[in-house]
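Undergrad: The following block contains the structure, expressed as structure tokens.
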Amino acid sequence: MYCNLDYRYGDYGGMMESGTTAMEAITALIDGPLCILVAYGAVHDHSYRYPLQIVLCVMQLYGLTWFTLQPMFSDTG
29 MYCNLDYRYG DYGGMMESGT TAMEAITALI DGPLCILVAY GAVHDHSYRY PLQIVLCVMQ
89 LYGLTWFTLQ PMFSDTG
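Quick note: the sequence shown uses this note's numbering, first residue 29, plus one each step.
Here it is in structure tokens:
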């Protein structure tokens, strides 16, 4: 299990590390529904899918960059 190897998913008094919590919340609440909209738009060939794909890709790249660099800025990093 990855969560056992990565300290950011570790136990901080019953909570995840704060940066991880923020990124996972954004992923669950915004990126997930956006993925569904993009998939729906792709299946039905709607033109709105293209700007949504760009937004989604930029959000994913930002999340990856922050998640990778975040340990340098955290107290536990």
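We put the beta carbon where it would ideally sit given N, CA and C, even for glycine.
From this set, 79, 91 and 100, which residue's C-alpha is nearest residue 65's C-alpha?
TA: Nearest of 79, 91 and 100 to residue 65, Cα basis: 79.
Undergrad: Relative to the C-alpha of residue 83, which residue among 62, 68 and 67 is closest?
TA: Among 62, 68 and 67, the Cα nearest to that of residue 83 is on 62.
Undergrad: Do you know how far the Cα of residue 93 is from the Cα of residue 81?
TA: Cα to Cα, the separation comes out at about 18 Å.
Undergrad: Alpha carbons only, please: which of 76, 49 and 59 is nearest the one belonging to residue 89?
TA: Here the closest residue by C-alpha is 59.
Undergrad: Hey, residue 51 and residue 101 are a contact pair by Cβ (cut 8 Å); roughly how many whole angstroms apart?
TA: Going by Cβ atoms, the distance from residue 51 to residue 101 rounds to 13 Å, so no, they are not a contact pair.
Undergrad: Taking only three categories from DSSP, how would you classify residue 59?
TA: Reduced to three states, the DSSP call for residue 59 is helix.
Undergrad: Quick check on the DSSP output: the alpha helix (DSSP H) that includes residue 44 runs from which residue to which?
TA: Per DSSP, residue 44 belongs to no alpha helix (DSSP H) and is neither H nor E.
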